[in-house]
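The opening residue of the sequence shown carries number 94 in our numbering; numbering runs sequentially from there.
Glycine included, every Cβ here is placed at the ideal spot set by N, Cα and C.
Please read all numbers here as calculations on a predicted model, not as lab measurements.
Quick notes on the structure that follows.
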Amino acid sequence: MSLTSPDIDLRAFYGGEYHVTSGESCAVTNPATGVSDYSFTTANEGDVAAAVSAARDAFDHGPWAGLPPMTRRFMLLAFAAAIEKKAEVLAAADSLDMGKPISAARQEVGIAAGFIRYYAEAIDKFYPGQIPPTPGNVLETQIYRPRGVIAAITPWNFPIINAALKLGPALAAGNTVVIKPSEIAPRSTLELGRIANEAGLPPGVLNIVPGAGPTGQALVSDRNVDMVTFTGSTATGKALMRLVGESSLKPLLLECGGKSPEIVCADMAGQDLNAMGKMIAQGAFWNQGQVCVARSRLIVHSSLADRLLPAILLAASSMKAAEPHLPGTMFGPMASKRQYEKVLAAIASGLADGAKFVLDGRKAKTPGKGFYIGPSVFTEVPAGSSLEQQEIFGPVLSMQIFDHLDQAIELANTTEYGLAATIWTRDSVTAHTLSYAVRSGRTKILTAPIESMGALFAHCFEPAGQSGFGIDGGLKGMASYMRLQSIEHVFG
Ligand code: ADP
Numbered sequence: 094m095s096l097t098s099p100d101i102d103l104r105a106f107y108g109g110e111y112h113v114t115s116g117e118s119c120a121v122t123n124p125a126t127g128v129s130d131y132s133f134t135t136a137n138e139g140d141v142a143a144a145v146s147a148a149r150d151a152f153d154h155g156p157w158a159g160l161p162p163m164t165r166r167f168m169l170l171a172f173a174a175a176i177e178k179k180a181e182v183l184a185a186a187d188s189l190d191m192g193k194p195i196s197a198a199r200q201e202v203g204i205a206a207g208f209i210r211y212y213a214e215a216i217d218k219f220y221p222g223q224i225p226p227t228p229g230n231v232l233e234t235q236i237y238r239p240r241g242v243i244a245a246i247t248p249w250n251f252p253i254i255n256a257a258l259k260l261g262p263a264l265a266a267g268n269t270v271v272i273k274p275s276e277i278a279p280r281s282t283l284e285l286g287r288i289a290n291e292a293g294l295p296p297g298v299l300n301i302v303p304g305a306g307p308t309g310q311a312l313v314s315d316r317n318v319d320m321v322t323f324t325g326s327t328a329t330g331k332a333l334m335r336l337v338g339e340s341s342l343k344p345l346l347l348e349c350g351g352k353s354p355e356i357v358c359a360d361m362a363g364q365d366l367n368a369m370g371k372m373i374a375q376g377a378f379w380n381q382g383q384v385c386v387a388r389s390r391l392i393v394h395s396s397l398a399d400r401l402l403p404a405i406l407l408a409a410s411s412m413k414a415a416e417p418h419l420p421g422t423m424f425g426p427m428a429s430k431r432q433y434e435k436v437l438a439a440i441a442s443g444l445a446d447g448a449k450f451v452l453d454g455r456k457a458k459t460p461g462k463g464f465y466i467g468p469s470v471f472t473e474v475p476a477g478s479s480l481e482q483q484e485i486f487g488p489v490l491s492m493q494i495f496d497h498l499d500q501a502i503e504l505a506n507t508t509e510y511g512l513a514a515t516i517w518t519r520d521s522v523t524a525h526t527l528s529y530a531v532r533s534g535r536t537k538i539l540t541a542p543i544e545s546m547g548a549l550f551a552h553c554f555e556p557a558g559q560s561g562f563g564i565d566g567g568l569k570g571m572a573s574y575m576r577l578q579s580i581e582h583v584f585g
């Protein structure tokens, strides 16, 4: 049975209520069918100003920032519980909007609630302020305060997790938020308004504006916004920097694109290559490759390549595209027609550049008329080609070979990005050499094909290069949403 379209209010949510907006109409297509599913009215400049003003008022006059930390904690814990209670509605929204397999969508709602809970629990346990040494008649307290009104702009690849990753630390730190979800998958975020009311969050603490680029531009340019947090493409990240420069000074937290290398060293030869092949395929094709930290560039030692490639191809070919609503589906369609066409264009340019196409996802058996492309693999990827350099955000893995570690480092650092890197080696010297030499915010060293959730909610890092800046995640990520104030008290 296919999923029923959830009953979600598609209007803007601010000041504790849903409001009609006056922007343009925006259609959302179900990527599993290619058929237009519904449309919503975007928030225009006036609607955005009203939402920001509700957030401003709730920050300046509302109880939120000044509440006893424990009260804020209980409210956010109630918010997390209410998210879990709505798991089916939220998962159906994300699955229908961007083609995510329903089993993954359900899991992601649990992770989103986990992020809110993690930061809620941190409120009365995380106080990074300090008291420095001073003369006896002076007391300097260095305290961390909320920044004020936070504008959050999120992408469509993990809609509910991306929202929680921003709302959790921003709200826990005492800020109020106006969030704009992606126009491709807005519904799960819009439903958070209703959920916030059910959980008893005060009006104006969480505000939501639906829309595309123009709505985001209005939000970022609003002088009542104190900070912008963004996850999305590098091009949009740059546009946001320009907008901020032209409006009012405010800090930016930018998590942008990636083209993350995965280096397999010669010493891994004795490991289970089939199991490694599975993990490599999973790392590249998870969420149809629409992951900012997707391991999309495989850099393999020449002694291993011939044995590892068949294992990867076997694992990749077994990731069969199927309809997202079926409980066993692991691989769905691309999130939108635009994304589908972008991936096809990337494949065409790889072919034009002379790379060898060893698994053609365009020929994969797919269900029906949706935007499906199966896992695809290129080898012999030419240096400098767009296949090597450009983020595709789709199920396309490119493989290159190295003989010496210096070559591996050069290949790994050849793009402008610096989001993530994976290194397969059991040799500690190689592991340290590569993790220091490869530009990356989030480096993973694998010594055997073992899956791990790692630090999950506590995981934090700062991107490098054109992948953005600012610390996201964990308690340090919570501090990003705080401003350090020093108060020097001289007594006579
Ligand atoms: P993608 O190309 O994968 O959709 P984007 O960076 O364009 O990635 O989108 C990420 C988020 O940024 C979405 O919520 C989108 O609506 C928003 N966005 C896109 N362009 C702009 C812009 N010029 N100003 C503000 N937000 C924008």
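If you draw a 10 Å sphere on the C-beta of L504, you find 16 or more other C-beta atoms in it, and that means buried. A Cβ-Cβ contact shorter than 8 angstroms links V270 with I243.
In this structure the stretch 385-401 does not touch the stretch 421-435; the number of beta carbon pairs closer than 8 angstroms is below three. M361 is a Cβ neighbour of W517, given a cutoff of 8 angstroms.
Between L452 and V470, the gap from beta carbon to beta carbon is short of 8 angstroms. In this structure the stretch 555-564 does not lie against the stretch 208-216, because fewer than three pairs of beta carbons, one per stretch, are closer than 8 angstroms. Around the beta carbon of V141, 16 or more other beta carbons lie within 10 angstroms, which makes this residue buried. Residue environment for K462: exposed (fewer than 16 other C-beta atoms within 10 angstroms of its C-beta). Put simply, the stretch 234-254 touches the stretch 569-576. At least three CB pairs are less than 8 angstroms apart. Contact between L294 and F172 holds: CB atoms are separated by about 6 angstroms, below the 8 angstroms threshold. Residues whose Cβ lies closer than 5 angstroms to any heavy atom of the ligand ADP, listed in chain order: I246, P248, S275, A305, G306, G309, Q310, G325, S326, T329 and A332.
Three or more Cβ pairs closer than 8 angstroms define a contact, and the stretch 296-312 meets that threshold against the stretch 131-139. Straight across, the Cα-Cα distance linking E509 with P161 is about 45 angstroms. With contacts defined by Cβ atoms closer than 8 angstroms, I253 and L527 do not form a contacting pair. Relative to the Cα of V583, the nearest Cα in the group Q364, A120, T234 and L345 belongs to T234. Counting only runs of 4+ residues, the alpha helix (DSSP H) found wholly inside the stretch 418-486 occupies 430-445 and 479-482, in chain order. Per the C-alpha coordinates, the member of V321, S479, G467 and K458 positioned closest to A441 is S479. Fewer than three pairs of CB atoms, one per stretch, sit closer than 8 angstroms, so the stretch 217-234 makes no contact with the stretch 174-182.
In the three-state DSSP reduction, F378 falls in the helix class (H, G or I).
Non-local C-beta neighbours of G454 in its own chain, meaning closer than 7 angstroms and more than five positions away in sequence, comprise I466, G467, P468, S469 and P488, ordered along the chain. The secondary-structure analysis by DSSP pairs S491 across a beta bridge with R390 and F471. For secondary structure counted as the alpha helix (DSSP H) over 4 or more consecutive residues, the stretch 114-173 holds these complete runs in sequence order: 138-153. DSSP, reduced to helix, strand and coil, places Y237 within a strand of the structure shown. The beta carbon of G325 sits closer than 6 angstroms to the beta carbons of P248 from its chain, once the five residues preceding and following it are set aside; these are given in chain order. With contacts defined as CB atoms closer than 8 angstroms, A125 and G203 fail to qualify as a contacting pair. A377 has its alpha-carbon roughly 28 angstroms from the corresponding atom of S95. Under DSSP, H582 shares a beta bridge with L232. Of T459, A292 and A448, the smallest CA-CA separation from M412 is found for T459.
With 16 or more other CB atoms across the displayed protein chains lying within 10 angstroms of its CB, A457 is buried. Straight through space, the alpha carbons of T164 and L407 are spaced by roughly 53 angstroms. F208: not part of any beta strand (DSSP E); member of the alpha helix (DSSP H) spanning I195 to A215, first to last residue.
Between the alpha carbons of S396 and R532 lies a distance of about 25 angstroms.
Secondary-structure assignment with DSSP links E355 through a beta bridge to L391 and T515. In the assembly as shown, M546 is an exposed residue. Its beta-carbon has fewer than 16 other beta-carbons within 10 Å.
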